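**Q**
Chains as they are written, first to last, in my numbering: chain A, 43 to 183; chain B, 538 to 1004.
#1: Can you pull the chain B neighbours of residue 71 of chain A, defined as C-beta to C-beta under 8 Å?
#2: Would you identify the three-state DSSP class for residue 609 of chain B, choosing helix, strand or coil?
#3: In three-state DSSP terms, what is residue 837 of chain B?
#4: Check each candidate in B:862, B:817, B:983 and B:731 and name the one with the smallest Cα separation from residue 756 of chain B.
#5: Can you give me the C-alpha to C-alpha distance between residue 928 of chain B and residue 886 of chain B, rounded to a whole angstrom?
#6: Going along the chain, which unbroken runs of the alpha helix (DSSP H) with 4 or more residues stay wholly within the stretch 650-697 of chain B?
#7: According to the Cβ coordinates, are residue 107 of chain A and residue 931 of chain B closer than 7 Å?
#8: Going along the chain, which residues of its own chain have a beta-carbon closer than 6 Å to the beta-carbon of residue 787 of chain B, five neighbours each way excluded?
#9: For residue 924 of chain B, is the classification buried or exposed, using 16 other Cβ atoms within 10 angstroms of its Cβ as the cut-off for buried?
#10: Give the range of the beta strand (DSSP E) segment to which residue 639 of chain B is assigned.
#11: Which residues share a DSSP beta bridge with residue 184 of chain A?
#12: Residues of chain B with CB closer than 7 Å to the CB of residue 86 of chain A, please, in chain order.
#13: Please return the same chain residues whose Cβ sits closer than 8 Å to the Cβ of residue 604 of chain B, not counting the five positions on each side in sequence.
#14: Quick one: is residue 598 of chain B buried, meaning 16 or more other Cβ sit within 10 Å of its Cβ, or exposed?
#15: Which residues does DSSP list as the beta-bridge partners of residue 702 of chain B?
#16: With C-beta atoms as the reference, is residue 709 of chain B less than 7 Å away from residue 853 of chain B?
#17: Does the beta carbon of residue 107 of chain A come closer than 7 Å to any beta carbon on chain B?
#18: Grab the span of the alpha helix (DSSP H) containing residue 581 of chain B for me, first residue to last.
#19: Put residue 83 of chain A into one of helix, strand or coil per three-state DSSP.
#20: Taking 7 Å as the CB-CB cut-off, is residue 841 of chain B touching chain A?
#21: Can you list the residues of chain A that residue 699 of chain B reaches, using a CB-CB cut of under 9 Å?
#22: Across the stretch 55-63 of chain A and the stretch 72-87 of chain A, are there enough close Cβ pairs to call them in contact, namely three or more that are closer than 8 Å?
#23: Excluding the 5 residues preceding and the 5 following residue 151 of chain A in the sequence, name in chain order all residues of the same chain whose CB lies nearer than 6 Å to its CB.
#24: Taking 7 Å as the threshold (C-beta atoms), are residue 831 of chain B and residue 860 of chain B in contact?
#25: Name the residue from A:111, A:80, A:49 and A:109 whose alpha carbon lies nearest to the alpha carbon of residue 95 of chain A.
#26: With a threshold of 16 other CB atoms inside 10 Å of the CB of residue 607 of chain B, please say whether the residue is buried or exposed.
#27: Quick one: Cα of residue 983 of chain B to Cα of residue 863 of chain B, how far?
#28: I'd like the span of the beta strand (DSSP E) that includes residue 972 of chain B, first residue to last.
#29: What in chain B is Cβ-close to residue 61 of chain A, meaning under 8 Å?
#30: How many whole angstroms separate the CB atoms of residue 92 of chain A and residue 116 of chain A, which I take to be in contact at a CB cut-off of 8 Å?
#31: Kindly indicate which three-state DSSP category residue 1004 of chain B falls into: helix, strand or coil?
#32: Taking 7 Å as the CB-CB cut-off, is residue 897 of chain B touching chain A?
#33: Please check the pair residue 614 of chain B and residue 760 of chain B, which I expect to be a contact at CB under 8 Å, by giving their CB distance rounded to whole angstroms.
#34: List, in order along the chain, the chain B residues whose C-beta lies closer than 9 Å to that of residue 58 of chain A?
#35: Work out the CA separation of residue 754 of chain B and residue 647 of chain B for me, nearest whole Å.
#36: I want to verify the contact list: residues of chain B whose CB lies under 7 Å from the CB of residue 83 of chain A, in sequence order.
Spelled out as structure tokens, the structure:
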């Protein structure tokens, strides 16, 4: 099944809606608790990125029996150096955003840690697409 | 057929719940279904029905029902008659039901006066739980740790936030710790001992019958504040009348069987007494980076945020389902705000008294409650694992569950989406789920045939304006 979420720009009160809704859906499906937790954390980080850096955008989630794929798309400024952006502590967030407790430079590293596969496509000026895949592993509780 | 399915589900899961419906008073108004945090209530045939496997006994529906049709079932007072030696375990919030006119010792004596042979404060158990919490927090573990003192929170996590089960403090609730200690201290007595927890909490009634984290409760019965309030108030006034009659002699505490109490009244219980209100557990614990949250919907918001991973550097969470903490319990009598203030004044008064007595000469400090030895503390740790309760799972088979989830989305897309509740389910999403599970049918939606906006407007114009 395919689910789509709109992620509004800079709307901190709405941020986390997609991951919270997804958590509810995955719980209904009876997926392992640890897997749901990984997905919730990774999706939340991606959502925040789209809201803060990407000028808003959307999230699409496809749930299959053996794999959950997520795609986050925005039309924001894009990422100039993806390798640099992946480094822990690196952030381009403004002072204002940092003062709100975000922009610690842990978003992408956290997504990489929790997803089984992470693909980032970006071009300066043309926005960013982040794809994360989560596999249903046997043995994960 | 739908009702039959519902019936079958109820028969399969025969469990005890303190929260019950008085069908005679229920008018089927759908207020309760909107506020139930686990979406455990539906209105069927004009009456509310509680899904027993989903109810966590929080008592929110008792608070919200405008007709008083939701009841808390606790043990009746006459249950005391079945025991030779009656022990009262007052929850700290019992003291908050009364203003400071009545001291701790007044209430203690009044409990004796009304027939309890022994009184042992649950606040003692709270102080022990604080000690254990401190020792567990000193060791590395999942963060943030979550207090398990509120039985509703343990059940909420088990059902809706299973990933947080490892974060729960594996400690017996203060009432249970106090009950075990009382039983131990009275072990010399050969008569039949009955331990009665005086409580404002519906979920504690359930927890005593069906404990989580431990197998058998040491508490024999739970008496609600609402049942004990009047007799206790009478006993208090008999001993300390508002307008003392001439020659009045306060009656001697009278135990039912001429038994002279073994368990002493303890001083310095304030840190445990504070647990009656939100923040109290944290005030006793005094550790940095701790958060207190009360009111079930606030708790749910915080837990969602924790699961999303965006709550950092918090070590400990005191989470209480009732607004204001236990003083806001569904079976409490006094207004929760007044009770909260009563509790604060009580603790301040005690502190002032202690200061006054010790300041000039720094003389004798009142004896602190004797705590158990360090090696005894592990006996107050959970002995059983709390496992997730997968009541929300559509089907154990993933492909079948996925198929059902697709159907729910398809049905949901056809529903009006205004969550009016007229069908008896709290929202359109829930109705869609109920239909797919076989508990409801699409006919239950009252607005499907008459699109909400157009239909009503026309009616108002043609009927409302012409007459």
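Think of the CB as a built atom: it goes at the ideal place given N, C-alpha and C, for glycine as much as any other residue.
None of the values given here were measured: they were computed from a predicted structure.
**A** Once the coordinates are examined:
#1: 930, 931, 935, 938, 939 and 942
#2: strand
#3: helix
#4: B:731
#5: 47 Å
#6: 659-674 and 688-697
#7: no
#8: Confidence at residue 787 of chain B is low in this model, with a pLDDT of 41, below 50, so the placement of that residue should be treated as unreliable; the coordinate-derived value is given next. Within the same chain, residue 787 of chain B has close Cβ partners 776.
#9: exposed
#10: Looking at the DSSP string, residue 639 of chain B is not in any beta strand (DSSP E), and its letter there is neither H nor E.
#11: Residue 184 of chain A falls outside the range modelled here, since chain A spans only 43 to 183, and no answer is possible.
#12: 845, 846 and 847
#13: 562, 563, 564 and 566
#14: buried
#15: Partner(s): none; residue 702 of chain B has no beta bridge.
#16: no
#17: yes
#18: Unbroken run through residue 581 of chain B is the beta strand (DSSP E), 578-581; no alpha helix (DSSP H).
#19: helix
#20: yes
#21: 69, 75 and 78
#22: yes
#23: 130
#24: yes
#25: A:49
#26: buried
#27: 40 Å
#28: Residue 972 of chain B -> not in any beta strand (DSSP E); alpha helix (DSSP H) instead, spanning 965-974.
#29: 845
#30: 5 Å
#31: For residue 1004 of chain B, the predicted structure reports a pLDDT of 43, less than 50, and the residue's modelled location is therefore unreliable. The matter cannot be settled from this model.
#32: Caution is warranted here: a pLDDT of 43 is assigned to residue 897 of chain B, below 50, making its placement in the model unreliable, and the coordinate value is therefore given only provisionally. Chain A, which has no Cβ nearer than 7 Å to the Cβ of residue 897 of chain B, makes this no.
#33: 6 Å
#34: 841, 842, 845 and 847
#35: 26 Å
#36: 845 and 846
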